[in-house]
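Residue numbers (UniProt numbering): 1 to 680.
Structure representation (structure tokens):
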């Protein structure tokens, strides 16, 4: 069975590693404060690194490797690097590495603590550090992404106005180029500079930027689109492309794009791994399948061992059994070419041999093949799969960016989407997709009632997608990117035509909504209308797990546990905002009255009123009445724990006690506080 999922094209394990070096300027100026009462830039840099280390440790992937280096130090114990100290060696992060950085931050005398490690200040050559990073990257296996992030407060590190003539600058620039362009085509390299403090002067004009030496090494150094923490997060956890494909527009007209997933499911932390006690190696379970004939041979072989045990006592039974199983396994592998597939069609049994079955499943047309264009309003978003985005890739085919942008501009102006056949890899599941264009400039859209020659066209349905994009651009512009969104569409076989059944469910035995009922809901919806931004909401379960991990590793709750998806009625100010509308809905739909309506046969029973129910109606009792009637044992343990914590000032650890002990705690509290009572 084909279990390939369209929205999961990522890899785990040993492939696609990301290696990042944090390099901190260790000069004396980094330990000074730019404003009285504020912390030093060196401590700010350590906090930025610590936050990212915690985030990487709490992720489910082991692909991120991080190292931390301090420059400008006397001690340099590592071979190949001069006047620089390695705080955290390159590798997968753990509790020890996180605590190393946290202990330095928590020191009252930060300068003395760092001096004890580094031996004091000394001039160093940044190019030497970058060359060391380059050698480490070259020695690391399966490199997909490598980056160096340099944190400093020195705007003029090369000490002269004509820095481009400086040999120090040229050496550093050469080292940066080696990091960016090192290795194979699929290896991405980056060098980033973060200047502290963040609220310092940042030139915006290009001529002013060219006067700054760091701009020639990192063109994004003065970017104001995001803060330093966000830049670091983007560099380390940046989404990589999972496929580079060729878009076949027509004969001889092709360009290459890289496909990125916009949203991926956040899976819980993995607790299923099992390890041996002595070597701590991962326990791997495997399963194999053999033919019925092979199974019989195994059983006969085991039986034969018992018959020959008396005459051949010198032969080890286990060894012979394993040898026979190995031979059977090799035979099963040889016989795989003879596997057959049987299908029953119309009562006839059709048998396909191995070659025929392999031919039917062999799909080698990797890429995106354009089928045609459709108006964006015709793309049925109700049945669309999770979206991806494509970006031009000039590394494989020159000129891809120019063709991509020209096609994007025209499709956006005409509000046209491309329908294409999509296959990310040979042999993988094939899909029909829509390449939907998006640009932030809404003024580039041509009027929908004009044709190519300016003539009026027939009226079309309202383009709801444009309104959705405008709202999304306001609420979540940080996550919007210009380009072709790759939206999966279903095949005919995947559609389920259940609309008639849905309509029957909504119209059967119901009356048309009155104008008063619609107005009541209209005011309620209007008051609760809000904006949506992905940064508003976090998965409470994942947040709780990560917070617990940080607390266990560092002894401090660095990640706050907060439920960001609680209903509006649990938030007092939001509930107060719609209080009048809730009362109107209750009154309009008579929710506070027992509606007596005739129901068809087979419907559920009518709810009894208080008069009809009589003895079956629940009676509200106080806790003291329950104690007097000796009914405390009727409560569940969770209910007793909730009473003890809420009303009796008991600790949450009381849930570890027995049920009788909890009842005793409640009764003792009631005896000590005669005026205390509550309804149950």
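Beta carbons: idealized from backbone N, C-alpha and C, even for Gly.
According to DSSP, is residue 138 part of a helix, a strand, or is it coil? helix
C-alpha gap between residue 673 and residue 651, whole angstroms: 18 Å
Could you please give the first and the last residue of the uninterrupted beta strand (DSSP E) stretch that includes residue 145? 143–152
What distance in whole Å lies between the Cβ atoms of residue 136 and residue 69, which are believed to be in contact at a cut-off of 8 Å? That belief does not hold up - the Cβ atoms of residue 69 and residue 136 are roughly 10 Å apart, past 8 Å.
What first and last residue would you give for the alpha helix (DSSP H) that runs through residue 20? Run containing residue 20: none in the alpha helix (DSSP H); it sits in the beta strand (DSSP E), 17–25.
Which residues in the same chain as residue 577 place their Cβ atom closer than 7 Å to its Cβ, once the five residues preceding and following it in sequence are excluded? 527
In the DSSP assignment, the beta strand (DSSP E) including residue 388 goes from what residue to what residue? 388–392
Quick one: what's got a C-beta closer than 6 Å to residue 706's C-beta in the same chain, skipping five residues either side? Since the first residue shown for the chain is 1 and the last is 680, residue 706 is missing from the structure and cannot be characterised.
Runs of alpha helix (DSSP H) lying entirely within the stretch 387–437, each at least 4 residues, in chain order: The stretch 387–437 contains these whole alpha helix (DSSP H) runs: 400–414.
Give the range of the alpha helix (DSSP H) segment to which residue 683 is assigned. No statement about residue 683 is possible, as the shown extent of the chain runs from 1 to 680 and does not include it.
Cutoff 8 Å: residue 161 Cβ touching any chain D Cβ: Protein chains in the displayed structure number just one, and chain D is not present.
Name, in chain order, the residues that DSSP records as bridge partners for residue 375. 416, per the DSSP bridge assignment.
Name the DSSP bridge partner or partners of residue 245? 257
Counting only runs of 4+ residues fully inside the stretch 546–597, write out the alpha helix (DSSP H) ranges in chain order. 572–577 and 579–588
Shortest alpha-carbon distance to residue 150 belongs to which of 168, 172, 167 and 144? 172
If we count Cβ pairs, one from each stretch, closer than 8 Å, do we get three or more for the stretch 144–159 versus the stretch 188–197? yes
Could you tell me if residue 32 is buried or exposed, where buried requires 16 or more neighbouring beta carbons within 10 angstroms of its beta carbon? exposed
Any idea what DSSP makes of residue 623, helix, strand or coil? Helix at residue 623.
Quick check on residue 174: does DSSP put it in helix, strand or coil? Note: residue 174 maps to helix in three-state DSSP.
Taking just the CA atoms, how far does residue 408 sit from residue 544? In this structure, the straight-line span from the alpha carbon of residue 544 to that of residue 408 is close to 42 Å.
Taking the CB atoms as reference points, tell me whether residue 446 and residue 413 lie closer together than 8 Å. yes
Helix, strand or coil for residue 110? Go by DSSP, reduced to three states. helix
Taking residue 192 as part of the beta strand (DSSP E), name the residues at either end of that continuous run. 188–195
Any idea what DSSP makes of residue 633, helix, strand or coil? helix
For residue 667, I'd like the list of residues in its chain whose CB is within less than 7 Å of its CB, leaving aside the five on either flank, ordered along the chain. 627
Enumerate in chain order the residues of its own chain whose CB-to-CB distance from residue 58 is below 8 Å, with the five nearest sequence positions on each side excluded. 269, 545, 546, 549, 550 and 559
In terms of residues, what are the limits of the alpha helix (DSSP H) holding residue 65? That residue, residue 65, is in no alpha helix (DSSP H); its beta strand (DSSP E) goes 64–71.
Any contact between the stretch 103–120 and the stretch 156–173? By contact I mean 3 or more CB pairs, one from each, below 8 Å. The stretch 103–120 is not in contact with the stretch 156–173.
Quick check on the burial criterion: 16 or more other C-beta atoms within 10 angstroms. Buried or exposed for residue 45? buried
Please classify residue 128: does DSSP put it in a helix, a strand, or coil? helix
Between which two residues does the alpha helix (DSSP H) harbouring residue 668 extend? Counting along the chain, the alpha helix (DSSP H) containing residue 668 begins and ends at 659–672.
What is the DSSP secondary structure of residue 54, counted as helix, strand or coil? In this structure, residue 54 counts as helix in the three-state DSSP scheme.
Euclidean distance between Cα positions of residue 84 and residue 398: Looking at the backbone, the Cα of residue 84 and that of residue 398 are separated by about 41 Å.
Determine which residues share a DSSP beta bridge with residue 252 and list them. DSSP output for residue 252 lists no bridge partner at all.
Which term fits residue 34, buried or exposed, when burial requires 16 or more other beta carbons within 10 angstroms of its beta carbon? exposed
Inter-residue CB distance, residue 227 and residue 244 (contact presumed, cutoff 8 Å): Wrong, their Cβ atoms sit about 31 Å apart, outside the cutoff.
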